[in-house]
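Student: Numbering (my numbering), first residue to last: 1 to 690.
For reference, the structure I am asking about is given below.
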Amino acid sequence: MTATDSTEAVLSLRAPIEPASERARCQVGTPELDSDGTARIPETLPTYSDWPEVRSSVPRDEAVESRVAALLATMSVAEKVGQITQPEIRSITPDEVRAFHIGSVLNGGGAWPGDDKHASLQGWLDLADAFWEASVHGNAAARIPVLWGSDAVHGHANTYGATVFPHNIGLGAAREPELVRRISAATARQIRATGQDWAFAPTVAVPQNYRWGRNYEGFSEDASIVLAYGYEAVRGLQGDSLPDPVGSSVLACAKHYIGDGATDGGVDQGVATVSEDVLRNVHGQGYISALAAGVQTVMASFNSWNGPDAPEGKVHGSYRLLTGILKEAMGFDGLVVSDWNGVGQVEGCADDRAAQAINAGIDMVMVPEDWRSFIANTLKQVESGEIPMSRLDDAVTRILRVKIRSGVMDAPKPSRRPFAGDVSALVHTHLAREAVRKSLVLLKNRVNVLPLAPSARVLVVGKSADSVQNQTGGWTLTWQGNENSNADFPASSTVLTGLRDALGDSSVVFDETGESANPADFDAVIAVLGEIPYAEGFGGDLGDHSLDASLLYPEDLAVLDRVSGLGAPVITVYISGRPLWVNSEINRSDAFVAAWLPGTEGAGIVDLLVQGDNRHDFTGRLPNSWPRSPWQFELNAGHAGYDPLFPLGYGLSLHDSIDVALLDEAAPPRPHDTLSPARVTDTSPFRNLA
């Protein structure tokens with residue numbers, strides 16, 4: 001028996017899920033649609049007793065399959081290995097793309113052409129053209145363009161001058177799938193303006209623990225919202241047909257498959273200890289709908305799945321999850337891409353050696369820096385049979401299929417495509433402002449403090465009142481999002497600038513710390529408080545910390561202490577990536593607005609604070625339950641013992657005059673069962689996960 005035969009035999013013993021064609025089941029996946037064709041948020045989630053076969057809106061095309069097979073037949077092993085390799089733009093040159101037949105490149109947060117944070121559209125297009133030219137005029141017999149992927153998770157936020165939309169948690173509050181489709185379509189045009197082909201979005205996680213640092217990347221704790229939004233986000237990015245005749249679409253990517261929102265203790269990259277039924281019927285809903293919408297790429301998750309009935313370990317190394325369930329049972333025929341060095345966490349693998357992960361079902365390996373040694377090692381592993389040639393051919397087949405279906409294979413160079421270099425394609429002010437208005441949730445409005453009259457004179461306090469950085473959060477220009485200033489966001493608006501526009505400069509006084517002005521001299525105080533940006537576990541996981549926001553950000557509570565109860569009503573706008581225990585802050589506020597991470601259009605907040613000619617009302621409803629206690633880390637509707645301060649779906653309108661009773665500010669003792677497992681940490685300055 002040869003080494004190849006031996007590996008094939010081992011793979012055959014893994015008892016994959018039976019292909020859907022071999023089992024009797026109905027084809028499912030497309031959500032119920034409204035009369036205009038928009039996905040409806042279901043009142044009751046569909047329940048699956050097994051993984052469903054999903055009918056994709058992008059059907060198999062025999063002409064495409066024949067073309068893929070013909071291309072594959074011309075390729076050498078080196079060319080095939082190059083196709084499954086995805087370096088980061090800071091670690092590779094166009095000449096190296098040509099020499100190594102690279103199939104894809106990416107830019108993570110904080111990677112720009114020429115390492116220039118303010119790189120121009122032309123700078124992006126020049127680099128995109130250079131990579132494209134290198135890939136199609138390289139040594140390969142086949143003309144196979146490179147795919148460029150980008151973390152465009154709330155707009156093309158890695159690009160200077162692009163409108164940045166609210167993070168997903170805010171869109172979840174809007175409860176409007178059609179809005180998500182429009183935002184995704186606008187994001188696709190932004191990406192096209194800079195010459196990329198692929199958005200690493202949408203995130204269809206269902207966050208279940210507030211300690212997780214990626215809460216704001218999920219639309220909601222409610223899988224019904226995620227189901228509808230995942231479908232519409234894919235439609236918005238990819239359009240209604242592939243290839244897109246208008247040329248405005250890009251490839252979407254459903255991530256992070258699967259269970260990232262279910263990890264024990266909310267630990268990023270941790271262990272999801274849930275049953276397969278929960279994995280499928282809660283955390284799988286967004287993938288089922290995304291596949292139905294025709295998503296062509298799926299990104300594997302860093303987390304492990306150790307379900308009591310089927311422990312699998314790291315998803316990146318799970319044949320059952322990647323091949324048995326995703327590809328065979330659900331019928332996904334696109335490509336599976338790994339996350340940033342995610343293969344290195346699989347037992348037996350390293351960042352530059354990925355046989356186990358590739359054999360499990362990873363088709364394209366995101367190997368940002370160590371790609372040269374990865375290629376060398378992979379060639380050896382294919383030669384020895386550790387990676388069967390059949391598996392390599394399957395991976396390359398999937399990559400070529402996606403490139404042909406998307407139109408990338410036949411498109412001209414990036415600078416000659418629709419929207420290339422179009423500054424107007426980057427700017428979507430009105431849409432973003434609409435999204436901000438619809439995402440705001442009014443939690444308290446005592447004796448109709450809101451809205452303010454256009455003649456009001458206001459004192460504005462708080463560090464977030466004039467900070468686009470805090471409004472936009474992580475994954476904005478840089479990975480963590482905390483190295484930015486207002487100058488990095490031309491044509492944006494903050495709450496402060498929005499108030500000055502609405503009320504007039506003379507009617508707005510800004511005192512960040514609240515130490516200089518007398519609140520009694522004003523009609524109202526507007527306090528804009530909240531988080532400093534963070535991303536993932538590196539900056540966002542709470543670990544053993546409580547949800548007490550006053551401990552996380554003590555200066556904010558100090559500001560409220562200085563201005564509350566001194567003769568003017570206090571309106572608090574709370575900027576955050578997740579609900580936190582803010583009883584003290586709510587007590588010191590006459591009105592309290594959950595604004596999430598609204599993006600570059602802070603003026604959208606002001607649209608609801610000040611009565612204008614076009615009267616807007618609060619329509620946002622909580623996408624996540626609001627904690628009554630600082631220890632309510634897992635607070636999900638329908639779970640046993642559910643006892644929130646504000647339940648999932650809560651939200652006031654301006655017609656509601658509801659005064660929240662005085663809340664207990666004394667934190668109860670910590671329950672013993674809330675102790676979290678050890679955190680996964682990595683302080684590498686280059687760690688930049690997709």
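Beta carbons are placed, not taken as given, at the ideal position from N, Cα and C, and that holds for glycine.
Quick caveat, the model's predicted, so the values are computed rather than measured.
1) Can you check DSSP and say which residues form a bridge with V105?
2) Using only the alpha-carbon positions, how far apart do S249 and I571 sit?
3) For A111, which option in A70, F100, L127 and V97 has the closest C-alpha, if you only look at C-alpha atoms?
4) Going by DSSP, what residue range makes up the beta strand (DSSP E) through N377?
5) What does a CB cutoff of less than 6 Å around P569 pick up in its chain, not counting 5 residues either side in sequence?
6) What does a CB cutoff of less than 7 Å around L121 pick up in its chain, not counting 5 residues either side in sequence?
7) Just the Cα atoms here: how many angstroms apart are L321 and G108?
8) From what residue to what residue does the beta strand (DSSP E) around S304 run?
9) Where L452 and A186 are concerned, what is the direct C-alpha to C-alpha distance, given to the nearest angstrom?
10) Less than 8 Å between CB atoms is the rule here; does L72 satisfy it with respect to chain B?
11) Go to I183, then tell me how far its alpha helix (DSSP H) extends in each direction, as first and last residue.
12) So N445 packs on L652, CB below 8 Å; how close in whole Å?
13) With a Cβ-Cβ cutoff of 8 Å, do H154 and G599 count as a contact?
14) Considering only their Cβ atoms, is the gap separating H316 from Q345 smaller than 8 Å?
15) Just to confirm, are L440 and G620 a CB contact at a threshold of 8 Å?
16) Quick one: which unbroken alpha helix (DSSP H) runs of 4-plus residues sit fully inside the region 508-551? Chain order, please.
17) Report the partner residues of A39 according to the DSSP bridge assignment.
18) I need the straight-line Cα distance from L106 to V97, nearest angstrom please.
19) Under the DSSP definition of a beta bridge, which residues are partnered with E601?
20) Is the beta carbon of S755 sitting closer than 8 Å to the one on N486?
21) Quick check for students: name the residue ranges of the beta strand (DSSP E) that lie wholly in the region 186-246, counting only runs of 3 or more.
22) Taking all protein chains shown into account, do 16 or more other C-beta atoms lie within 10 angstroms of the C-beta of A603, making it buried, or fewer, making it exposed?
23) Closest to S507 by C-alpha separation, out of A520, Q471, E483 and V458, would be which residue?
24) Where D541 and V402 are concerned, what is the direct C-alpha to C-alpha distance, given to the nearest angstrom?
25) Drop a sphere of 10 angstroms on the beta-carbon of A661, count the other beta-carbons inside from all chains shown, and report buried for 16 or more, exposed for fewer.
26) Applying the 10 Å Cβ sphere with the 16-neighbour rule, what's the burial state of K380?
27) Using 8 Å as the cut-off, can you tell me whether the region 291-309 makes contact with the region 259-277, which would need three or more C-beta pairs spanning the two stretches below that distance?
28) What three-state label does DSSP hand N445 in the structure shown?
29) So who's on the other strand from T263, going by DSSP bridges?
30) Take the Cβ of P707 as the centre, count every other Cβ of all protein chains shown within 10 Å, and call the residue buried at 16 or more, exposed below.
31) Suppose contacts are defined by Cβ-Cβ distances below 8 Å. Is L179 in contact with K438 by that definition?
32) DSSP has I571 in a bridge; who is on the other side?
33) Which one of G247, I362, E62 and V136 has the shortest CA to CA distance from W340?
34) Is G407 near D244, with beta carbons less than 8 Å apart?
35) Would you please state the rounded distance, in angstroms, between the beta carbons of Y231 and A435? I believe it to be under 8 Å.
36) Drop a sphere of 10 angstroms on the beta-carbon of S516, count the other beta-carbons inside from all chains shown, and report buried for 16 or more, exposed for fewer.
Tutor: Quick answer:
1) Reading the sequence shown from its first residue, position 105 is the one you call residue 105. According to DSSP, which records beta bridges pairwise, V105 is partnered with W148.
2) Here residue 249 is taken as the residue at index 249 of the sequence shown, counted from 1. Here residue 571 is taken as the residue at index 571 of the sequence shown, counted from 1. Approximately 41 Å between the Cα atoms of the pair.
3) Along the sequence shown, read from residue 1 onward, the residue named residue 111 stands at position 111. The option with the nearest alpha carbon to A111 is L127.
4) Translated into the one-based positions of the sequence shown, residue 377 becomes position 377. Looking at the DSSP string, N377 is not in any beta strand (DSSP E); the run it does join, the alpha helix (DSSP H), is W371 to S384.
5) One-based indexing of the sequence shown puts residue 569 at position 569. Closer than 6 Å at the Cβ level, and outside the excluded window around P569, lie V449, A524 and D590.
6) For the purposes of this step, residue 121 is identified with residue 121 of the sequence shown, where counting begins at 1. Hits under 7 Å: A193, T194, G421 and V423.
7) Your numbering for residue 321 matches position 321 in the sequence shown. Your numbering for residue 108 matches position 108 in the sequence shown. Cα to Cα, the separation comes out at about 26 Å.
8) Here residue 304 is taken as the residue at index 304 of the sequence shown, counted from 1. Looking at the DSSP string, the run of the beta strand (DSSP E) that includes S304 is S304 to G307.
9) Taking the sequence shown and counting its residues from 1, the one referred to as residue 452 is at position 452. Taking the sequence shown and counting its residues from 1, the one referred to as residue 186 is at position 186. Between the alpha carbons of L452 and A186 lies a gap of roughly 32 Å.
10) This model lacks chain B altogether; it includes just one protein chain.
11) The sequence position of residue 183 within the sequence shown is 183, counting from 1. In the DSSP annotation of this structure, the continuous segment of the alpha helix (DSSP H) that includes I183 starts and ends at P177 to T194.
12) Position 445 of the sequence shown, counting from 1, holds the residue named residue 445. Position 652 of the sequence shown, counting from 1, holds the residue named residue 652. About 6 Å separates the two Cβ atoms, so the contact holds.
13) Numbered from 1 along the sequence shown, position 154 holds the residue referred to as residue 154. Numbered from 1 along the sequence shown, position 599 holds the residue referred to as residue 599. Result yes, Cβ atoms of H154 and G599 sit closer than 8 Å.
14) Numbered from 1 along the sequence shown, position 345 holds the residue referred to as residue 345. Numbered from 1 along the sequence shown, position 316 holds the residue referred to as residue 316. Yes, Cβ-Cβ distance for Q345 and H316 is below 8 Å.
15) In the sequence shown, residue 440 corresponds to position 440, counting from 1. In the sequence shown, residue 620 corresponds to position 620, counting from 1. Yes, Cβ-Cβ distance for L440 and G620 is below 8 Å.
16) 536-539
17) Counted from its first residue, the sequence shown places residue 39 at position 39. According to DSSP, which records beta bridges pairwise, A39 is partnered with L33.
18) Position 106 of the sequence shown, counting from 1, holds the residue named residue 106. Position 97 of the sequence shown, counting from 1, holds the residue named residue 97. Cα to Cα, L106 sits roughly 12 Å from V97.
19) Stepping through the sequence shown from its first residue, residue 601 is reached at position 601. The secondary-structure analysis by DSSP pairs E601 across a beta bridge with S493.
20) Any answer about residue 755 is impossible in this case: the structure gives the chain only from 1 up to 690.
21) none
22) Numbered from 1 along the sequence shown, position 603 holds the residue referred to as residue 603. A603 should be labelled buried.
23) Counted from its first residue, the sequence shown places residue 507 at position 507. Answer by Cα proximity: V458.
24) Taking the sequence shown and counting its residues from 1, the one referred to as residue 541 is at position 541. Taking the sequence shown and counting its residues from 1, the one referred to as residue 402 is at position 402. Roughly 35 Å separates the two Cα atoms.
25) What you label residue 661 is simply residue 661 of the sequence shown in a count that begins at 1. It is exposed - the Cβ of A661 has fewer than 16 other Cβ atoms within 10 Å.
26) Here residue 380 refers to the residue found at position 380 of the sequence shown. Exposed, because fewer than 16 other Cβ atoms sit within 10 Å of the Cβ of K380.
27) yes
28) For the purposes of this step, residue 445 is taken as residue 445 along the sequence shown, with counting starting at 1. Strand.
29) For the purposes of this step, residue 263 is identified with residue 263 of the sequence shown, where counting begins at 1. Note: T263 sits in a beta bridge opposite A272.
30) The first residue shown for the chain is 1 and the last is 690, placing residue 707 beyond what the model contains.
31) Looking up residue 179 in the sequence shown gives position 179. Looking up residue 438 in the sequence shown gives position 438. Result yes, Cβ atoms of L179 and K438 sit closer than 8 Å.
32) The residue you call residue 571 lines up with position 571 of the sequence shown. As a beta-bridge residue in DSSP terms, I571 pairs with I526 and A591.
33) On the sequence shown, residue 340 is found 340 positions in, with the first residue counted as 1. Among G247, I362, E62 and V136, the Cα nearest to that of W340 is on I362.
34) The sequence position of residue 407 within the sequence shown is 407, counting from 1. The sequence position of residue 244 within the sequence shown is 244, counting from 1. Contact: yes.
35) As a first step, residue 231 is located in the sequence shown; it is residue number 231 there, counting from the start. As a first step, residue 435 is located in the sequence shown; it is residue number 435 there, counting from the start. At roughly 18 Å, the Cβ-Cβ gap does not stay under 8 Å, so Y231 and A435 are not in contact.
36) On the sequence shown, residue 516 is found 516 positions in, with the first residue counted as 1. With fewer than 16 other Cβ atoms within 10 Å, it is exposed.
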